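**Student:** One gets our numbering by counting positions in the sequence shown from 1 and adding 594 to each. By construction, the Cβ of each residue, glycine as well, lies at the ideal position given by its N, Cα and C atoms. Since we're looking at a predicted model, the values are computed, not measured.
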Amino acid sequence: MAETEAEPRAFALSSRGCSSSPSTCSVVKYTIEVVDLSGENAVDSEWMAYIGAFRYLRSLNISNCHRLSSSGIWAVAGMTTLRELNISRCLKVTDAGIRHLLSIPTLEKLCIAETGITARGVTLLSSLKTLMFLDLGGLPVTDQALSSLQVLTKLHHLDLWGSKISSSGSDVLQMFPKLNFLNIAWTNVTKFPNLPHLECLNMSNCIIDSTLKGPGDNVPLKKLIASGATFSNETEDLGFVGTSFLYHLDFSNASLHRFGFLTHMKALEYLDLSSTTIGDNSIELLASVGENLKNLNLSCTTVSSSGVGILAGKVPKLETLSLSHTMIDDVALSYISTMPSLKSIDLSETDIKGYIHLSAAEGSEFLSLTKLRTLDCLEMLNLEHTHVDDGSLRPLSKFPRLSHLLIRSPSFTDVSLSYLSILPKLKTFSIRDAVLTNQAFDFLKPAATLQRIDLRGCWLLTEDGLLEFHRRFPQIEVRHELFHFLSDPTSSNRPSTHLTPKKLRLNQRNRSTVTSPYFVDQRLKYSREELLALQFSSLAQSSTYTPETSHKSDS
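#1: Please classify His919: does DSSP put it in a helix, a strand, or coil?
#2: Using 9 Å as the threshold, is the C-beta distance between Ala1028 and Pro1004 below it?
#3: In the structure shown, what three-state DSSP assignment does Ser1106 receive?
#4: Can you say whether Leu952 is buried or exposed, counting buried as having 16 or more other CB atoms within 10 angstroms of its CB?
#5: Which residues bound the beta strand (DSSP E) around Leu545?
#6: Could you tell me which whole beta strand (DSSP E) segments of length 3 or greater appear in the region 1014-1043?
#7: For Ala737, which of Ser762, Ser900, Gly756 and Arg852 has the nearest alpha-carbon?
#8: If distances are taken between C-alpha atoms only, which option among Ile626, Met921 and Leu1055 comes closest to Arg649?
#9: So who's on the other strand from Cys705, going by DSSP bridges?
#10: Please go through the same chain and pick out, in chain order, the residues whose beta-carbon is closer than 8 Å to the beta-carbon of Ser1018, but skip the five residues on each side of it.
#11: Starting from the Cα of Lys1021, find the closest Cα among Phe1037, Asp1008 and Gln1045 and give me that residue.
#12: Under three-state DSSP, which class holds Arg1065?
#13: What are the start and end residues of the alpha helix (DSSP H) that includes Asp689?
#14: Straight-line CA distance for Ser757 to Glu708?
#15: Cβ-heavy atom distance between Leu789 and the ligand MG below 8 Å?
#16: Might you give, ordered along the chain, the residues of its own chain that have their beta carbon closer than 6 Å to the beta carbon of Ala942, omitting 5 neighbours on each side?
#17: Determine the extent of the beta strand (DSSP E) in which Ser653 is found, giving its start and end residues.
#18: Is Thr1056 helix, strand or coil by DSSP?
#19: Label Asn774 either buried or exposed according to how many other C-beta atoms from any shown protein chain fall within 10 Å of its C-beta, with 16 as the threshold for buried.
#20: Is there a Cβ from chain E that is less than 9 Å from the Cβ of Lys965?
#21: Pick helix, strand or coil for Arg866, following the three-state DSSP scheme.
#22: Identify whether Glu640 lies in helix, strand or coil by the three-state DSSP scheme.
#23: Where does the unbroken alpha helix (DSSP H) through Tyr929 begin, and where does it stop?
#24: Considering just the uninterrupted stretch of the beta strand (DSSP E) at Val1072, what are its terminal residues?
#25: Would Ile946 and Ala926 be called neighbours here (beta carbons separated by less than 9 Å)?
#26: Spatial neighbours of Ala1034 within its chain, please: C-beta separation below 6 Å, excluding the five flanking residues on both sides.
#27: So what does Glu556 bridge to, in DSSP terms?
#28: Should Asp984 and Phe960 be called a contact, given that it needs their Cβ atoms to be closer than 9 Å?
#29: Extract the residue ranges of the alpha helix (DSSP H) inside the region 829-853, only unbroken runs of 4 or more that lie entirely within it.
#30: Tell me which residues share the same chain as His1064 and place their Cβ nearer than 7 Å to its Cβ, disregarding the 5 neighbours each side in the sequence.
#31: With DSSP as the reference, label Leu767 as helix, strand or coil.
#32: Find out if the Cβ-Cβ distance for the pair Ile667, Leu695 is shorter than 9 Å.
#33: Going by the CB atoms, is the gap between Ser653 and Leu679 shorter than 9 Å?
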């Protein structure tokens, strides 16, 4: 059978076509298998009555539909084809709604997170013996309610974040023999579960002081998330975690003081140690397992340029590196340039200036961002809240694959906008809090690939200037406090996104961003003459700034 024939029958609709009356869509109810109405305020009991007539419905997503109540759930009761149902964050759905679901014999995936369902309603789920995926996040699940679910022996995914289960109550987790995903974040569980088939565990914001007894010595995890967790002295070495297959480790904001466990994690591909106590003295431990690393987050740590230097040449597969809010400076750029696979770099809130002062014999200054030219795969660069300026950004104009660039500083003027917006692959350009004027738009010729430009905080721009820019480039989405222009794909030379008929979906109407009542136009602080002086000053810089007149070297 062809691949297209194997796809679920579906249909795509606009909200304008169906929000008034679902009866206009009756032609599709005998063919639809997948329905996604998530976040649609129009969905109520009337809509559900219509959906209940879909004979072949296999998957229904009505999450975040705030008008939906328990009575609306009655419409899908008794369906013999429904396998997946998501009613998460439908606050009006209560235990009464669960009773309607008990007559669906085929249900395999159920998401009821952050609804009005109580522990009593959770116990009713024990009748759904076919369940394999159960999301109870944010519900007041008690030890007793969890115990009642142990008859669901087919479960392989269980989400219990924010529940009321305790360490003693978590012992019942041993009764789920096929469980491979478990989320017990924000609970009072202190025992680290040792389950034979567990692959992904989330214990974020838990206090981990012991290990739950299990059949093996180590938990054979592939993915461990313990963001904000507190480890006791006995568990900080992670000796109870099998390291042979662990490829994803998120310890962001965790209370760790020792990092010796890193030396055993040779399979790591994703590592998040942001907001931990790791510093340069522990980077050698990280470098020893850097061979397979693809994503590394060291933001908000005490790592300096020296620490980055230890990683030089040790992370050949690294694609994403975040050093935001660290003590690195321009020296680190030389070390980063030795990481050949980098696609995304976050250097925001650092001491990067874009210049390195040389000796008198070598010349006055060197444009340090030139070092990153060796990164042929670089697509995203974040330099927000650094010390770079118009001149130090000049090397970026020769980065052929850069598609996402974020800069934010009052040091930028019309000059940066003109020569950076023409980067051949640029899709997203954020230049915030800059001293841009309307004149910057007059000679602007953005790359054909540019889809979005963020100009928030550029207080010299006026309503007329933004409107004129939108008129000239309607295919570009523009963000500013005064306006938020969404792109118009019909006016672009780029082909519009093709909506494959996989889902019956109500698309949200485009909404323009309303100016915040707290937004203060900073131009009010200046007289007309002062504003004109700022504009002419910026234009003068633009007209006189050329590579030939610059005294700074980028070689």
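**Tutor:** Straight from the coordinates:
#1: His919: coil per DSSP, three-state reduction.
#2: yes
#3: Because Ser1106 sits at a pLDDT of 40, beneath the cut-off of 50, its placement in the model cannot be relied upon, and the point is left open.
#4: exposed
#5: It is not possible to answer for residue 545, since the shown part of the chain is limited to 595 through 1149.
#6: 1022-1026
#7: The identity of residue 737 in the sequence shown is Asp, whereas the question assumes Ala. Checking every option, the nearest Cα to that of Asp737 belongs to Ser762.
#8: Answer by Cα proximity: Ile626.
#9: Asn680 and Asp729
#10: Residue identity differs from the one stated: residue 1018 is Pro in this sequence, not Ser. Closer than 8 Å at the Cβ level, and outside the excluded window around Pro1018, lie Pro994, Ala1041 and Thr1043.
#11: Gln1045
#12: Residue state for Arg1065 is assigned as helix, using DSSP reduced to three classes.
#13: Asp689 to Leu695
#14: 11 Å
#15: The ligand MG is absent from the structure shown, which contains no ligands of any kind.
#16: With the sequence shown as reference, residue 942 is identified as Ser, and Ala is not the correct amino acid for it. Contacts found: Ser918, Asn976, Glu978 and His979.
#17: Ser653 to Asn655
#18: coil
#19: buried
#20: This model lacks chain E altogether, as it is built from one protein chain only.
#21: Rather than Arg, the amino acid found at residue 866 in this sequence is Asp. Strand, per DSSP.
#22: helix
#23: Val925 to Ile930
#24: Glu1071 to Arg1073
#25: yes
#26: If we look at Ala1034 and ignore the five residues flanking it on each side, its Cβ neighbours are Asp1008 and Leu1011.
#27: Any question about residue 556 goes unanswered here, given that the chain covers just 595 to 1149.
#28: Not in contact: Asp984 and Phe960 (Cβ atoms no closer than 9 Å).
#29: none
#30: Val1072 and Phe1079
#31: helix
#32: yes
#33: yes
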